[in-house]
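Going left to right, the sequence shown walks through residues 24 to 305 as the working numbering numbers them. The C-beta atom is built at its ideal place from N, Cα and C for all residues, glycine as well. From a predicted model like this one, the values you see are computed outputs, not experimental measurements. Have a look at the structure below before the remarks.
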Amino acid sequence: MRSHIRTAAVVLSLGLVVAACSDAEEAPADAAPTSEGQQPTAESTDAEDHGAHDSHGSTDHDAAAAAAATGPVGASVLGTSTGSFGPLGEGLGSATNTLVVEGTVTLVKDESGTEITTNVGGLLSGADHAAHLHDGSCTEFGGHYMHDHAGPPEPPNEIWLSSTGDPVGSLQPSQAGTAVGAGGADWVPRETPLSMMIHDSELPGLPIACADFAAYDGPATLVLEPTDDGIDAIEYSLDGGEWTAYEAPVEITEPGEHTVAYAPAGEHDDAPEITFTVAGAR
């Protein structure tokens, strides 16, 4: 009898945690629909609740990045970005949180996909803290980042941090309130503002800390590839410069903000663009 009560409490807690975030904005038309015909298990309920949570994650900048990704040429930027956790601004996240969360989180994008790791302190000992990759910055954020907006609202379509290696797990602090965690995927996120959020362990589970992936720590590598058949050549323009034939990945080392336009050779009108920042060269 007690085990049934505990299971029900866990499911209810997960539902209330993610529902607290989903109330913030209205879900867009392209949000992933809830799967039909699922059995009412704790796992399926968790996935459905996370779908409600992150259905509002399609911000304007991410929608633009997604639109660019569906064009005849795909663009991605590889590199490492490190963010530091801090409190959310006034009016954002939990208004009752008293925890002082500190630590760093590192996002690595390479040819094999994406890996995120964290080492954080100041969490509530003995309580699981959900942590997810989010669309947008810590001041203008949406829901969970979804690689495929029509896909399921859970890993591997999202990236969550876990202390146990379970891709749908949470951060599990030690008695000292510290936690290490990791998560990843075999895809690379669109070049759009991203952040990592840690949620309160207590209901309603609002965000209590956030870290921005605002810039690449060192050199960034531009990768372009055709997404349509029949494209024999690709060209790009870096920071408004001359259009150049793309022959291999391009390493960008100059610190500062960069904008890259890219298109099939000779088709420069209305070419999509991506913008990113390099913090410093190694």
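Query, Result
"CA nearest to the CA of Leu229, picked from Val301, Thr121, Leu101 and Gln195", "Thr121"
"From Thr244, Gly136 and Pro287, residue whose alpha carbon lies closest to that of Tyr259", "Pro287"
"Segment limits, beta strand (DSSP E) that includes Leu245", "Ala243 to Pro249"
"Straight-line Cα distance separating Thr276 from Val191", "35 Å"
"Nearest residue (CA-CA) to Gly136, options Thr162, Pro179 and Asp235", "Pro179"
"Integer Cβ distance of Gly126 from Thr250, believed to fall under 8 Å", "Not quite, the Cβ-Cβ distance comes to about 38 Å (not below 8 Å), so this is no contact."
"Expected contact under 8 Å - CB spacing of Thr140 and Asp240 to nearest Å", "14 Å between Cβ atoms; not a contact."
"Cα-Cα separation, Glu194 to Arg213", "What sits at residue 194 in the sequence shown is Leu, not Glu. Each residue's alpha carbon lies about 25 Å from the other."
"Coarse secondary structure for Ser218, derived from DSSP in three states", "strand"
"Distance between Asp158 and Leu224 (C-alpha atoms, nearest Å)", "The amino acid at residue 224 is misidentified as Leu; the sequence shows Ser. Spanning the two alpha carbons is a distance of roughly 21 Å."
"Residue environment, Glu181, which counts as buried when at least 16 other CB atoms sit within 10 Å", "buried"
"Alpha-carbon spacing of Gly106 relative to Leu226, whole angstroms", "26 Å"
"Beta-carbon separation (whole angstroms), Phe108 vs Ile221, contact threshold 8 Å", "7 Å"
"His15 in three-state terms, based on DSSP", "With the chain running from 24 to 305 in the structure shown, residue 15 is simply not present."
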